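Student: Below you'll find the structure I mean.
In the working numbering, the protein residues as written are 249 to 422.
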């Protein structure tokens, strides 16, 4: 986490809050960050300063136009044009945390092998809220390496209920 990323996240949150779209923008930024993490080509293209800023912005417009709120598209475009695409994942994470904090909640980043249904996500959020003693918003990341179960990270706390972790414990026991 850099101070610069924090400044960008604060600015993004302030703009989205003023427009009444912070929930939507934070959620969409989270999804943009996942897309960047999942595509080396996209991440390198948007970070390549040899590609004119206008071209990189056009790529953002082409990818997000009509798929995301205007504020989200404008914010991502501005970050990319400023040459901060490499910080976008961190800016998104911090914006999600600011949104949760504004609502008196915490963010749990949950890694699962498969996507969760709405009901599963609600039950997991309730279970994590009960375990931590405070309300939790979950952000799900599908990660096949988990193999099954979930790995939840809330701040510095990690709750590992994955099949991979259980297999590792069994292996250590034997």
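C-beta: ideal position from N, C-alpha, C; glycine also.
Being a predicted model, the structure only gives us computed values, none of them experimental.
1) Exposed or buried, what is residue 321 when buried is set at 16 or more other beta-carbons lying within 10 Å of its beta-carbon?
2) Which whole-angstrom value describes the C-beta separation of residue 343 and residue 261, a residue pair presumed to lie in contact below a C-beta threshold of 8 Å?
3) Kindly indicate which residue of 254, 328, 347 has the alpha-carbon position closest to the one of residue 266.
4) Where in the segment 311 to 387 do unbroken runs of the alpha helix (DSSP H), each at least 4 residues long, occur, reported from the N-terminal end onward?
5) I need the straight-line Cα distance from residue 367 to residue 315, nearest angstrom please.
6) Excluding the 5 residues preceding and the 5 following residue 280 in the sequence, name in chain order all residues of the same chain whose CB lies nearer than 8 Å to its CB.
7) To the nearest angstrom, how far is it from the Cα of residue 358 to the Cα of residue 301?
Tutor: This is what the structure holds:
1) Counted from its first residue, the chain shown places residue 321 at position 73. Residue 321 is buried by the Cβ-count criterion.
2) On the chain shown, position 95 is the one that residue 343 refers to. On the chain shown, position 13 is the one that residue 261 refers to. Their Cβ separation, rounded to whole angstroms, is 6 Å, which keeps residue 343 and residue 261 in contact under 8 Å.
3) Residue numbering aside, residue 266 sits at position 18 when the chain shown is read from its first letter. With distances taken between Cα atoms, residue 266 lies closest to 347.
4) Those alpha helix (DSSP H) runs which fall completely within the segment 311 to 387 and span 4+ residues are 318 to 329, 336 to 350, 366 to 380.
5) Looking up residue 367 in the chain shown gives position 119. Looking up residue 315 in the chain shown gives position 67. Using only the alpha carbons, I get a separation of about 24 Å.
6) What you label residue 280 is simply residue 32 of the chain shown in a count that begins at 1. Here the set comprises 312, 316, 320, 324, 336, 340.
7) Your numbering for residue 358 matches position 110 in the chain shown. Your numbering for residue 301 matches position 53 in the chain shown. A direct Cα-to-Cα measurement between residue 358 and residue 301 gives close to 34 Å.
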